[in-house]
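Working notes, beginning with the structure itself.
Number of protein chains: 4
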Amino acid sequence: MSFQVSEELDQLLTNIKLFLVQEVYPKEKEVIEKGFNSALPILEELRNMVKKKGWWAPAMPKEYGGMGLSFLEFARISEILGTTPIGHYIFNSQAPDIGNMELMLEFGTKDQKEKYLRRLVNGEIRSCFSMVEPDRPGSNPTWIETTAQRDRDNYIINGHKWFTSSADGATFNIVMAVTNPNGEKHKKASMLIVDMDNPGFEFIKNIPVMGEEGEGWMSHAEVKYNDCQIPITNLLGAEGEGFALAQHRLGPGRIHHCMRWIGICERAFDLMCKRAVSRRITPEANLASQQTVMNWIAECRADINAARLMVLDTANKIDTHGQYKARDDISIIKFFVANILLKVLDRAIQVHGALGVTDYTPLSYWYRHERPSRIYDGPDEVHKRAVSRRILSKYNDN
Amino acid sequence: MSFQVSEELDQLLTNIKLFLVQEVYPKEKEVIEKGFNSALPILEELRNMVKKKGWWAPAMPKEYGGMGLSFLEFARISEILGTTPIGHYIFNSQAPDIGNMELMLEFGTKDQKEKYLRRLVNGEIRSCFSMVEPDRPGSNPTWIETTAQRDRDNYIINGHKWFTSSADGATFNIVMAVTNPNGEKHKKASMLIVDMDNPGFEFIKNIPVMGEEGEGWMSHAEVKYNDCQIPITNLLGAEGEGFALAQHRLGPGRIHHCMRWIGICERAFDLMCKRAVSRRITPEANLASQQTVMNWIAECRADINAARLMVLDTANKIDTHGQYKARDDISIIKFFVANILLKVLDRAIQVHGALGVTDYTPLSYWYRHERPSRIYDGPDEVHKRAVSRRILSKYNDN
Amino acid sequence: MSFQVSEELDQLLTNIKLFLVQEVYPKEKEVIEKGFNSALPILEELRNMVKKKGWWAPAMPKEYGGMGLSFLEFARISEILGTTPIGHYIFNSQAPDIGNMELMLEFGTKDQKEKYLRRLVNGEIRSCFSMVEPDRPGSNPTWIETTAQRDRDNYIINGHKWFTSSADGATFNIVMAVTNPNGEKHKKASMLIVDMDNPGFEFIKNIPVMGEEGEGWMSHAEVKYNDCQIPITNLLGAEGEGFALAQHRLGPGRIHHCMRWIGICERAFDLMCKRAVSRRITPEANLASQQTVMNWIAECRADINAARLMVLDTANKIDTHGQYKARDDISIIKFFVANILLKVLDRAIQVHGALGVTDYTPLSYWYRHERPSRIYDGPDEVHKRAVSRRILSKYNDN
Amino acid sequence: MSFQVSEELDQLLTNIKLFLVQEVYPKEKEVIEKGFNSALPILEELRNMVKKKGWWAPAMPKEYGGMGLSFLEFARISEILGTTPIGHYIFNSQAPDIGNMELMLEFGTKDQKEKYLRRLVNGEIRSCFSMVEPDRPGSNPTWIETTAQRDRDNYIINGHKWFTSSADGATFNIVMAVTNPNGEKHKKASMLIVDMDNPGFEFIKNIPVMGEEGEGWMSHAEVKYNDCQIPITNLLGAEGEGFALAQHRLGPGRIHHCMRWIGICERAFDLMCKRAVSRRITPEANLASQQTVMNWIAECRADINAARLMVLDTANKIDTHGQYKARDDISIIKFFVANILLKVLDRAIQVHGALGVTDYTPLSYWYRHERPSRIYDGPDEVHKRAVSRRILSKYNDN
């Protein structure tokens, strides 16, 4: 394999995989069934095991209590964690917290780091990210309605957001709001930290998504900001830099997501193969004897391999040349891998037959909760348009 | 349109559609949220409205309290009812009850009709159909494990079933069991009526499907038959005719399902178009301005039209030449329409963006609960194989 | 089948099919290999056989020497003729002549009919249709460059056209040219009859298409009009009505094309099935034992059935309500059937293996010469846009 | 890019690409139109230019007059050469000659190398490879009919082959024939060198493929071996090793083909983009403004990138671990890249509209002559089956 991993990392990946198979897979069904809050004791126990093994927060610097792995190393780990719906949480590497950690690490003030980041990395608190609005397309982050008006040493935030994921039970929130309404398109918005107990912050409810309202980390909230006053020291990064920070957050975020999706693909692939060899369709023959199933297995193998190479190549480009030069690749993997993910899940379900639609495998969970992968962080259509425009602009220049 | 409907039927369809839009659509979300049992008062009220309008049980004979519509007439109504998840229930035409009604109407003894059918058509009781087994592929109905051993005037049933849909709260059950283990492949099994309060019948639980255990009519049970004794008078049809009856049940059943799916498609299509014209993606442009969305609308329109023509043509063939001669067409529409259904739903969700994965439209309900359409009543692969074998056998004969 | 054909037509279809199988299929390879001009004696002999059988020009009125069949009857015959690349020619129902016949029959003056139509229907001469221009998109027929300037009793035509199919050897041409440059968009152009021996008409060359320049009827010419003077009596229809006439020509034309494509599909399907049962892949097994091949056969059967129902339904609508009301259906079948055609051909080739890419079956001919089906008469994309816009306009009006 | 190329190779690739654009692209249409034999002077001139530049036979060792590039280096060059239909020929790296060169280089005797290989690498002669038989599936190379019977110091070959590509004008042939009919399945056949002027060798004809018989290097012959006597010194490799050698030939051969296909994809992609920005569809808008075209460009970019990464990764594995360990990857890229190739070509044609089906771009040539890519060297279906079986066998072992 050309995107070589060091022997050390290889060993780590093997160990983590083994831990997941032995300790985590057996508990994922119970966690999903109970719901996040009731399952917290189980999750805490698993988190403690991870901490003891020295694998906590692999992407965070050692000084904050993480493993201090590089971007490319964490990408590999993210794939392994993705093989179970609770993998990232158990390693304290779950969205949206990990994105917030990365943002604060790079752009947070010393105080912000002490107050928020340290406890976040420790796993003491959770956070959320409040960008999408019900009345504005998530695909157009330059067009938002929420405002944060400067009032001496404070900002007064007003607005309505939804899909503020994991808000339920979170301690703070990073909100995107227009601070410079007359600024140019990409310079209007800023990111602001809002404590959830701020009286101007209103938690409306967890939105029912795919049949579940969910709870705790596993939920998507609708929230409101009603003359919500925060000190200007809660500005994250510079004023007007909200869009830039959001982009900055999304680049590595998409690598994390994509690697997680590949992890899901591998688990689904494994389940599909196991089912194929174990399920008899007549007393003499099993599903693996069916050429249609064989085709799916070969095609899924091809697709997953392609997905991984694409993501690693993109991660490598980000690492070498920076996000800006890799922006086409980042857009491409977003739609390319999300579509492979859903195709692999669909086929794994079909191979499982009736069992595939039950909650006795994680497939039905992913079928529901990964359908949004083609929508969030920019729907397929928006990424295709973006990639194509940049390609064609080079032709137009000639 | 070449599959002409009479002016009278056309008027009826229009009236029913209007009723659904005005009275039922506004309540579907509440019903799904509350769950079947809690929503019963709402459902009962709607059922009473339907009765008052004289639209009750449209496919059942007038002597049993139905409308006495023909097979082809009901197919049209089934499409309209399919536009809401609770349409068929409100008209007492829901699976699995309607299939059981059809079976009993044709094959039931006078006593069976009096004891079960009449109350079923009246809507006093519910029923279920117990065929699929967890350890045997649903795709091979000639290979089942459950047995019904003759013991003088009784049968003693033993076996393990799942996806006995709507068992929760049902009054009786039609179970498929092997009565003639030494009979030829298609003559081994029989259908037997089992009262749910039979001490040998064990309701294990509702299987969690796509994140929900469901309840009442909206559930899929795992059940067991433990030396379950029933009188031989509870045999439905002749001994050894279980497979034949199942096929008989499935033919019209597939028409009902397919027309229901087309109804879902039409609703999803309508929601997609409404969303396209109402959702702005910039202050100046709405989604309908996007060629990708236009492509989907045109392609969905084409696919839905094709689906309807295929199903009506098949229904017509069943009506004219009988199920046997139409068996290829029945297999074809099963996989053809189910795939169109899922494609249309997927696109409608994508056009809705984040809203599409919430439970604020019926799309997410159908996305979850119609995924099985490609699995139950024979997965795509089995139907394709069956159709192809018959076609190729003609070539082999030459 | 719900789109019933009369017993008489059914018999005719059977007879024609038998004739094609026995007399025409065996000669199609030779005709294609030799090229149109060298193959003329063979074609003439076959045409004479058709005349003797009384099947000549089935869509033309009896007074002109045709069979006088209705639009819907001819649609059925068109399917049968489509099963061989030379079927339509042998029955004098080939594009572009049949389109020209239909136009002249409805809009030609008495003189035009005598001079051109009668000889065309007799099969004495051939014609062509000159609309598409190399520098203007064929998908936008309201934007053409060729002009026809009125000069007393004449028009002076200037312009450059290509894909003037079958111009090589034709006697006359119907050209689309702008006569009213200041007219509104759809009223600028007119149709004009140009004799090919007009000194202002320049035949440049047959365009090499898919590796062949072709010749005679089987060719696509590039032509020029250099101050080409024609009498005003050669105006076909009214001045400024060119676009309307073109639309008028296209409606039934698309039915003819679609039914022809379905004929191709049926032949390809038949070849695929024959190959599947006859080709051994090991000493013991043939291709028909492969589930992938089975899937293709079932899916192609489904697609072809759907295609036929869609086209017949559309033809029926045109017949009942006129072209205008059926224009969405006409657009839909154009892209729906063309895509099925190419998919069926592709799969039939794959089943044939190496044989499939040789010229020993008609598949390779169709693979090459029907690829344009997704382009001519409006590419898929244009039809999808048109259908979608009309659908969405109804939503916008609300 | 993670599959780094050296600066030196990078410069070479740039120079070759420039040469192709300036000197070769302008002549490709003429070569294809004239046919191979008439175009030989043009091709010879271009070959001489390549020799002068020191780029001759890049994959061959310097001692034979080649550039002595490594397998991975040549893979990169193969992509560039693939951008024109005559690229590989001009660099004397065309199939089937390059495969024969590789075989002889590794398995040829000293005499065979002197007599055949040296002249082949020099470009003095051409060769062919005779494996596929009309009556046996090419997908099953262990089941062939042609025999080579030992008769003292000779073999007597009898058999019937087709798709002996480039036989027309070749000097020698490597034929696959059964020498050990009682050997085990993979040990029956051997490879034998046959001079084309051997009286027992019969050139029947060039098979018409996709409308063309072709000639010279650009042709596919049907041939016969009639008691064709050759000395045993013409055995290539050991007796019974024919299958092993064929596999050996195919591994790198598939890399060459895949990289060539990617070259075709890149050229088609480039043509598609150029067309998109240059073709106006209204006086105001060009094709590039159409979202459908944008989607295709983004999707093609994603697919081509994925294809290249997959092939380079596989080449890397072959290089590092040998063909055997990379056999799944080799099978995967065979079907994965061939399907991308045909999809990209199809879309590029669609974007070109009518121009796309003419021979004015190389697209129509590739559309016809690369359709076999999904068939030769093992059809998609065979590779999928092979990959899947190996994957599932690991699950069965558990």
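Protein chains in written order, with my numbering: chain A, 1 to 398; chain B, 1001 to 1398; chain C, 2001 to 2398; chain D, 3001 to 3398.
Idealized CB from N, CA, C, for every residue including glycine.
Asked, Found
"Cutoff 6 angstroms; reference B/I1125; Cβ partners in own chain excluding five residues on either side", "R1119, T1171"
"Where D/P3026 falls, given that 16 or more other Cβ within 10 Å makes a residue buried", "exposed"
"CA nearest to the CA of D/P3134, picked from C/R2308, C/R2279, C/E2063, C/Q2004", "C/R2279"
"Partners in chain C for A/Q229, counting only beta-carbon separations shorter than 7 angstroms", "Simply none; closest approach about 43 angstroms."
"Residue burial classification, D/V3382 (beta-carbon count within 10 angstroms, cutoff 16)", "buried"
"Within-7 angstroms CB hit, A/C258 to chain D", "no"
"Beta bridge counterpart(s) of C/N2173 as assigned by DSSP", "C/C2128, C/V2194"
"Residue burial classification, B/K1334 (beta-carbon count within 10 angstroms, cutoff 16)", "buried"
"Inter-residue Cα distance where the pair is B/T1083 and B/L1018", "12 angstroms"
"Residues bridged to A/A189 [DSSP beta-bridge criterion]", "A/V178"
"Local Cβ density within 10 Å of A/E102, reported as buried at 16 or more and exposed below that", "buried"
"Close-in-space but distant-in-sequence residues of the same chain around A/V311 (CB under 8 angstroms, 5 per side omitted)", "A75, I255, C258, M259, I262, I333, V337"
"Any non-hydrogen atom of the ligand FAD closer than 6 angstroms to B/D1303 Cβ", "No copy of the ligand FAD occurs in the structure displayed, which carries no ligand at all."
"Buried versus exposed call for D/Y3155 [16 or more other C-beta atoms within 10 Å across all chains shown]", "buried"
"Pair within 7 angstroms by beta-carbon distance, A/L117 and A/M191", "no"
"Contacts around B/L1009, its chain only, beta-carbon distance under 7 angstroms, and the 5 residues preceding and following it disregarded", "E1073, R1076"
"Distance CB(C/F2036)-CB(C/E2202) smaller than 7 angstroms", "no"
"Cβ pair count under 8 angstroms reaching 3, the stretch 229-236 of chain A against the stretch 205-220 of chain A", "no"
"Residues of the stretch 2243-2276 of chain C whose Cβ lies closer than 7 angstroms to any Cβ of chain B, in chain order", "C2273, K2274, A2276"
"Close beta carbons around D/Q3094, own chain, < 6 angstroms, minus the five adjacent residues each side", "H3088"
"Chain A within 7 angstroms of B/M1001, Cβ atoms only", "Because B/M1001 carries a pLDDT of 40, less than 50, the predicted location of this residue cannot be relied on, and the following value inherits that uncertainty. By this cut-off, B/M1001 is not an interface position."
"D/A3059 burial status per 10 Å Cβ neighbour count (16 or more: buried)", "buried"
"Nearest neighbour of B/E1299, chosen from C/Q2323, C/D2380, C/T2014, C/I2157 [CA to CA]", "C/D2380"
"Candidates D/M3067, D/V3194, D/Y3365, of which the one nearest D/D3346 by Cα", "D/Y3365"
"Beta-carbon neighbours of D/R3389, restricted to chain C and to distances below 9 angstroms", "Result: empty, since nearest Cβ-Cβ is about 14 angstroms, beyond 9 angstroms."
"A/V194 versus A/H160 - alpha carbon distance", "14 angstroms"
"Expected contact under 8 angstroms - CB spacing of D/L3020 and D/I3080 to nearest Å", "7 angstroms"
"Beta-carbon neighbours of A/E381, restricted to chain B and to distances below 9 angstroms", "Q1290, T1292, V1293, Q1350"
"Contacting residues, own chain, Cβ-Cβ under 7 angstroms from A/S331 (five flanking each side not counted)", "H383, A386, V387"
"Expected contact under 8 angstroms - CB spacing of B/L1363 and B/A1268 to nearest Å", "6 angstroms"
"Simplified DSSP state of A/Q4, which is helix, strand or coil", "coil"
"Chain A within 7 angstroms of B/M1474, Cβ atoms only", "Residue 1474 of chain B is absent from the structure shown; chain B starts at 1001 and stops at 1398."
"Under 7 angstroms between C-beta atoms of A/I86 and A/R47", "no"
"Anticipated Cβ contact below 8 angstroms, D/M3210 with D/H3352, distance rounded", "Not confirmed; about 19 angstroms, so no contact."
"Residues near D/K3185 by beta carbon distance below 6 angstroms, same chain, minus five either side", "T3142"
"Short CB-CB distance (under 7 angstroms) between B/T1146 and chain A", "no"
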